[in-house]
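The opening position of the sequence shown corresponds to residue 944 in the numbering used here, with each subsequent residue numbered one higher.
Input: a single structure, listed below in structure tokens.
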Amino acid sequence: MLTFPSGFLWGVSTSAHQFEGGNFHNQWHEWEQRGEIRSGHTCTPACDWWNNAAHDLDLCRDLGLNTLRISLDWGRLEPTQGKWNDEAFERYRTLLRMIHARGMRPFVTLHHFTHPTWFEKDGAFLNGSLIPLFVAYAERAVAELRDLCCDWLTFNEPNVYATFGYLFGEFPPGRRNQVRDTAVVLSNIHRAHALAYDRIHGLQSEARVGLTTNWTEFQAATASPADRFLAYIYDGIFNRSSFQFLRSGAPDFPFGALSPNVPEVIDKTDFIGVNVYNRLYVRSPFEFSRWSTGGIFVLPEVPQGDRGVNLPYGEAYPAAVLGAVREYGQLRVPVYVMENGVPDESDRIRPWVIVNTLKHLHQLISEGFDVRGYFHWSIVDNFEWNEGWTLRFGLYGLDRDTQQRKPRFSASLYQQIVAANGISDEQLSRFSEPPSPVAPTSGN
Ligand code: BGC
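So this is what it looks like as structure tokens:
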């Protein structure tokens, strides 16, 4: 039996746009209206949380979870610049009360990829002069909700937001190959984090303020110096950027040359989150905009969940958590695995992912890393950004038309792990190998 420390947090992560439905004032809705969602799906009603979150919160309680991560949709709260929507604040207050009533500690993310359309129109985080508007929103949100939450994440995955928006063209604003803009966006987000960190502490002395980053293993496809160098570059830009900002105020060479220095962010985090899912392979020639044929791809024979619309989602790689925690653990603040999961409609590979990620996490705790919690992504299938409803991440399946939830095997597996506060020998041996075949069959 691998037992976790007492008081370990067991949760799931969610985000406003992917769960609530009716988030019509943010840039992702605009992106959808422009026909940019690759799957062609629409988001609303999502999991209908704006009308009825109780259903899924009850499922979380029944799994025995003691924590839940949600996010706020800034566009709902400030649909027009400077005009606040009190009803939306009241709805979030109700949601937080419902989470507490079910025995769970809420973690609230202020920016999980979405912001108001007016903020996007003026350049969002590429435009440094807009940073005070984000900080004002953070201040307002914390002032309104501080009696109901102490754990705040300013940003979800600055690295995904910046690279998918400005390097790969996958997220709004859909720009490609803008290396310098990517660097500037990353600097501005970390500057915004530093300012929000101070303001939140000014408002709430007991607040704990952090952020969460995505960590993806980049594996050189061959031992050639070119492939290894490119894997190193990706690792630096993508995986280590938040670490380097929090450590020294700027990314290391070569990316640091493009990113304005942010000395005020050094050490400004009370905890750190890592979101771990994948391993990707890197091969030269390097082309930022082509994932499958040029720079980044997935070996066909490795364990994988379901495929995205055009591209594989990535190798399901539980050991990614080792690199993530060994790097971010050096910040010497509590670490949370804020997201982990796999798109897997038939629950073919998810049990293996959960058990083996937790096995590695247990090892990290034995090595002395201060890991305080694990949040699975997610409780129920939800709107997966550009992939719409094609990628199913839920412990529970969702029928969008009827809003019925159906448990997958992984729900009961996770429930047993949470109840035992650990993984049994039987679970370890039953899920020691990825199921065969490891890759999804064609068509999904
Ligand atoms: C994001 C989630 C997303 C999940 C699965 C993370 O990068 O924070 O919003 O649904 O990955 O792809």
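The beta carbon of each residue, even a glycine, is placed where N, CA and C say it ideally should be.
{"Asked": "Please report the straight-line C-alpha distance between residue 1383 and residue 997, rounded to a whole angstrom.", "Found": "33 Å"}
{"Asked": "Are there 16 or more other CB atoms within 10 angstroms of the CB of residue 1056, so buried, or fewer, so exposed?", "Found": "buried"}
{"Asked": "Give the DSSP-derived three-state secondary structure of residue 1283 in the structure shown.", "Found": "strand"}
{"Asked": "Kindly indicate which residue of 1374, 1039, 1070 has the alpha-carbon position closest to the one of residue 1090.", "Found": "1039"}
{"Asked": "In terms of residues, what are the limits of the alpha helix (DSSP H) holding residue 1051?", "Found": "Element bounds for residue 1051: not the alpha helix (DSSP H) but the beta strand (DSSP E), 1048-1054."}
{"Asked": "Tell me where the beta strand (DSSP E) around residue 1225 begins and ends.", "Found": "1214-1225"}
{"Asked": "DSSP three-state label for residue 1373, please.", "Found": "helix"}
{"Asked": "How should residue 1126 be labelled, buried or exposed, when 16 other C-beta atoms within 10 angstroms of its C-beta is the threshold for buried?", "Found": "buried"}
{"Asked": "Specify, as a first and last residue, the run of the alpha helix (DSSP H) that residue 1032 falls within.", "Found": "1029-1044"}
{"Asked": "Within the present structure, is the beta-carbon of residue 1327 separated from the nearest heavy atom of ligand 1 by less than 7 Å?", "Found": "yes"}
{"Asked": "What beta strand (DSSP E) runs, 3 residues minimum, are completely inside the region 1301-1358?", "Found": "1314-1319, 1339-1342, 1347-1350"}
{"Asked": "Check the C-beta distance from residue 1052 over to residue 1012 and give it rounded, since I have them as a contact under 8 Å.", "Found": "7 Å"}
{"Asked": "Strictly by DSSP, which residues pair up with residue 1188?", "Found": "Beta-bridge pairing links residue 1188 to no other residue."}
{"Asked": "Can you find the residues in the same chain that come closer than 6 Å, C-beta to C-beta, to residue 1094, ignoring five residues on each side of it along the sequence?", "Found": "1050, 1151"}
{"Asked": "Select from 1206, 1346, 1211 the residue whose C-alpha is nearest the C-alpha of residue 1276.", "Found": "1211"}
{"Asked": "For ligand 1, is there any heavy atom lying closer than 7 Å to the beta carbon of residue 1282?", "Found": "yes"}
{"Asked": "Output needed for residue 1354: all residues of its chain with C-beta closer than 7 Å, excluding positions within five of it in sequence on either side, in chain order.", "Found": "1006, 1338, 1339"}
{"Asked": "Using three-state DSSP, classify residue 1161 as helix, strand or coil.", "Found": "strand"}
{"Asked": "Under 7 Å from any heavy atom of ligand 3, does the C-beta of residue 1182 make it?", "Found": "Ligand 3 is absent from the structure shown, which contains only ligand 1."}
{"Asked": "Is it the case that the region 1103-1110 contacts the region 1140-1154, given that we only count it when at least three CB pairs across the two stretches are under 8 Å?", "Found": "no"}
{"Asked": "Have a look at residue 1114 and residue 1253 and give me their C-alpha separation to the nearest angstrom.", "Found": "15 Å"}
{"Asked": "Measuring CA to CA, which of 1081, 1087, 1086, 1103 is closest to residue 1097?", "Found": "1081"}
{"Asked": "Any heavy atom of ligand 1 closer than 7 Å to the Cβ of residue 958?", "Found": "yes"}
{"Asked": "For the pair the region 1152-1172 and the region 1198-1216, tell me if three or more CB-CB distances fall below 8 Å.", "Found": "yes"}
{"Asked": "Quick check on DSSP: helix, strand or coil for residue 1361?", "Found": "helix"}
{"Asked": "When the Cα of residue 1372 is compared with those of 1302, 1188, 1010, which residue comes out closest?", "Found": "1302"}
{"Asked": "Less than 7 Å separating the Cβ of residue 1099 from some heavy atom of ligand 1?", "Found": "yes"}
{"Asked": "Between which two residues does the alpha helix (DSSP H) harbouring residue 1170 extend?", "Found": "1168-1177"}
{"Asked": "Please identify the residue among 1022, 1001, 1026, 1079 whose C-alpha is closest to the C-alpha of residue 1046.", "Found": "1001"}
{"Asked": "Going by beta carbon distance, what residues of the same chain come within less than 8 Å of residue 944, once the five residues before and after it are set aside?", "Found": "1363, 1365, 1366, 1367, 1368"}
{"Asked": "How would you call residue 1266, buried or exposed, if buried means at least 16 neighbouring beta carbons within 10 angstroms?", "Found": "buried"}
{"Asked": "Answer yes or no: the CB of residue 1253 versus the heavy atoms of ligand 1, is any distance below 7 Å?", "Found": "no"}
{"Asked": "What does the alpha-carbon distance come out to for the pair residue 1026 and residue 1132?", "Found": "23 Å"}
{"Asked": "May I ask whether a heavy atom of ligand 1 can be found less than 7 Å away from the beta carbon of residue 1103?", "Found": "yes"}
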